[in-house]
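Novice: As numbered in UniProt numbering, residues 301 to 579 make up the sequence shown, in order. Note that CB positions come from ideal geometry on N, CA and C, so glycine has one too.
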Amino acid sequence: RAKEYGKNGCQFYRAEMNDTVIQKLVMEEWLNKAIELEEFVLYYQPQVDIFTGKMNGMEALLRWKHPRLGFISPGEFIPLAEETGQIIPIGEWVLREACRQNKAWQEAGYAPLKMAVNISPIQFHQHNFVQIVLNALEESGLDAQYLELEITEGIAMYHVDQVIEKLRTLRAHGLHISMDDFGTGFSSLSYLKKFPITKLKIAQQFVRDIPEDPDDAAIVQAIMAMALSLKLNVIAEGVETDAQLSFLLDIKCREIQGYIFSRPVPPSDFEALLKQNED
Ligand code: C2E
Ligand code: MG
Ligand code: MG
Ligand code: MG
Numbered sequence: 301r302a303k304e305y306g307k308n309g310c311q312f313y314r315a316e317m318n319d320t321v322i323q324k325l326v327m328e329e330w331l332n333k334a335i336e337l338e339e340f341v342l343y344y345q346p347q348v349d350i351f352t353g354k355m356n357g358m359e360a361l362l363r364w365k366h367p368r369l370g371f372i373s374p375g376e377f378i379p380l381a382e383e384t385g386q387i388i389p390i391g392e393w394v395l396r397e398a399c400r401q402n403k404a405w406q407e408a409g410y411a412p413l414k415m416a417v418n419i420s421p422i423q424f425h426q427h428n429f430v431q432i433v434l435n436a437l438e439e440s441g442l443d444a445q446y447l448e449l450e451i452t453e454g455i456a457m458y459h460v461d462q463v464i465e466k467l468r469t470l471r472a473h474g475l476h477i478s479m480d481d482f483g484t485g486f487s488s489l490s491y492l493k494k495f496p497i498t499k500l501k502i503a504q505q506f507v508r509d510i511p512e513d514p515d516d517a518a519i520v521q522a523i524m525a526m527a528l529s530l531k532l533n534v535i536a537e538g539v540e541t542d543a544q545l546s547f548l549l550d551i552k553c554r555e556i557q558g559y560i561f562s563r564p565v566p567p568s569d570f571e572a573l574l575k576q577n578e579d
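#1: Quick check on Lys307: buried or exposed, where buried means 16 or more other Cβ atoms within 10 Å of its Cβ?
#2: Under 6 Å Cβ to Cβ from Ala536, same chain only, skipping five residues before and after it: list those, please.
#3: Could you tell me the distance, in whole angstroms, from the CA atom of Gln347 to the CA atom of Gly558?
#4: So His476 and Thr452 are supposed to be a Cβ contact under 8 Å. How far apart are they, rounded?
#5: From this set, Gln386, Tyr446, Ala518 and Ile519, which residue's C-alpha is nearest Asn356's C-alpha?
#6: Helix, strand or coil for Gly306 per DSSP?
#7: Determine, using beta-carbon pairs with one atom in the stretch 368–377 and one in the stretch 523–541, whether at least three such pairs fall under 8 Å.
#8: Is Ile419 closer than 8 Å to Glu450 when the C-beta atoms are compared?
#9: Give a single yes or no on whether Asp480 has its beta carbon closer than 7 Å to a heavy atom of ligand 1.
#10: Just to confirm, does Ile523 get its C-beta within under 7 Å of one of the non-hydrogen atoms of ligand 1?
#11: For a quick check, are the C-beta atoms of Trp393 and Ile432 less than 8 Å apart?
#12: Are the Cβ atoms of Ile464 and Lys494 separated by less than 8 Å?
#13: Looking only at its own chain, which residues have a Cβ that is under 6 Å from the Cβ of Lys403, when we skip the five neighbours before and after it?
#14: Please report the straight-line C-alpha distance between Ile523 and Arg368, rounded to a whole angstrom.
#15: Between the alpha carbons of Phe340 and Gly474, how many angstroms are there, rounded?
#16: Smallest Cα separation from Ile551: which of Ile519, Lys354, Pro567 and Glu578?
#17: Comparing the CB of Lys499 with every heavy atom of ligand 3, is any distance shorter than 7 Å?
#18: Could you check which residue in Tyr344, Ala436 and Arg363 has the C-alpha nearest to that of Leu331?
#19: Return yes when the Cβ of Ala411 is within less than 8 Å of the Cβ of Glu578, no when it is not.
#20: Report yes if the C-beta distance between Leu342 and Glu382 is below 8 Å; otherwise report no.
#21: Tell me, which residues are paired with Val430 by DSSP?
#22: Closest to Gln462 by C-alpha separation, out of His427, Gly485 and Glu438, would be which residue?
#23: By DSSP, does Pro412 sit in helix, in strand, or in coil?
#24: DSSP state of Glu465, grouped into three classes?
#25: Would a C-beta distance cut-off of 8 Å place Val534 and Ala527 closer than the cut-off?
#26: Hey, could you find the ends of the alpha helix (DSSP H) Glu392 is sitting in?
#27: Short check: CB of Ala416 to CB of Ser478, under 8 Å?
#28: Going by DSSP in three states, Phe340 sits in which element: helix, strand or coil?
#29: From which residue to which residue does the beta strand (DSSP E) around Phe561 run?
#30: Classify Pro564 as buried or exposed, calling it buried when 16 or more other Cβ atoms lie within 10 Å of its own Cβ.
Here is the structure:
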């Protein structure tokens, strides 16, 4: 079959493939060292109650500052880290650092806020995941009510009974659980009933074109109605414009996250936002 494409076509294909393989290997090597070289940092993005204008939480978002490549976004290295299993130590570092930082802000005298941390399905499915979370809380001294885990619908692909069991244990310890990128996965409706979650995050993809796009507007309204009857909190992600904001206000979506309020920022800039929030 290769003959059909001719010699060059075949070589071209191979060169491309090698490139990707080598890139991946190199990236994997770098990722291995990134924790000890302290190349990871957490940025924080406010989660805002639009009825009061006050921040009531924040999301920790991972950033990798590579000395030669510069800033690498999570979209580029998290899929690889999931494939290689490196997401496990990286995710543990994120949990510990987010808890430490949140506690440090509380001890500095700022009103306590919830810290949301993204959890990869690979990480969640680890047998000792609950213990890792509890250790991060204990080590930092952070109260469990100030930690929220953001899971995705992908978590429901395997071991559903174990997932439910872990979520129940985490809830029993007082943690909050939110469903990130809600509506972009599958099986969401049946799992919503089974999973003891506390909040839905309306995916950015549905927020982007509201209020103009009638389908997206209808989807967002349907999610609001469903959340109300299931007694779940809701937050809209990726809010950028005044028009999106007033639509969300109209349908009583109380919490938002997005560039309209602030981009994710490094800890020092976030502290300035915390100061403002006290006024
Ligand atoms: P996510 O959890 O859904 O996070 C929201 C993403 O939307 C973030 O991208 C954030 O910077 C971006 N965003 C927030 N507001 C706006 C807005 O108004 N407009 C636009 N266009 N974008 C906005 P980021 O930081 O690049 O993270 C991408 C994804 O990487 C995250 O999506 C999450 O799935 C994953 N991720 C980030 N940090 C971690 C982590 O510590 N652990 C794991 N497992 N995944 C992470
Ligand atoms: Mg998230
Ligand atoms: Mg999201
Ligand atoms: Mg996501």
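Specialist: By the coordinates alone:
#1: Summary for Lys307: the model assigns pLDDT 44, below 50, so the residue's position carries little reliability, and this model does not support an answer.
#2: Ile502, Val507, Leu548, Cys553 and Ile556
#3: 8 Å
#4: So it is not a contact: roughly 16 Å between Cβ atoms.
#5: In this structure, Tyr446 is the residue among Gln386, Tyr446, Ala518 and Ile519 with its C-alpha nearest to the C-alpha of Asn356.
#6: Low per-residue confidence applies at Gly306: pLDDT is 40, beneath 50, and the placement is therefore not dependable, though the value from the model is reported in the following sentence. Helix, per DSSP.
#7: no
#8: yes
#9: yes
#10: Outside the cutoff, so no.
#11: no
#12: yes
#13: Ser440, Gly441 and Leu442
#14: 43 Å
#15: 28 Å
#16: Ile519
#17: It does not: the Cβ of Lys499 is nowhere closer than 7 Å to a heavy atom of ligand 3.
#18: Arg363
#19: Yes; because the gap between Cβ atoms is below 8 Å, this pair is in contact.
#20: no
#21: Looking at the DSSP output, Val430 bridges to nothing.
#22: His427
#23: Assignment of Pro412 by DSSP, reduced to helix, strand and coil, places it in the coil class.
#24: helix
#25: yes
#26: Ile387 to Glu407
#27: Cβ distance < 8 Å, so Ala416 and Ser478 count as in contact.
#28: strand
#29: Run containing Phe561: none; DSSP gives neither H nor E here.
#30: buried
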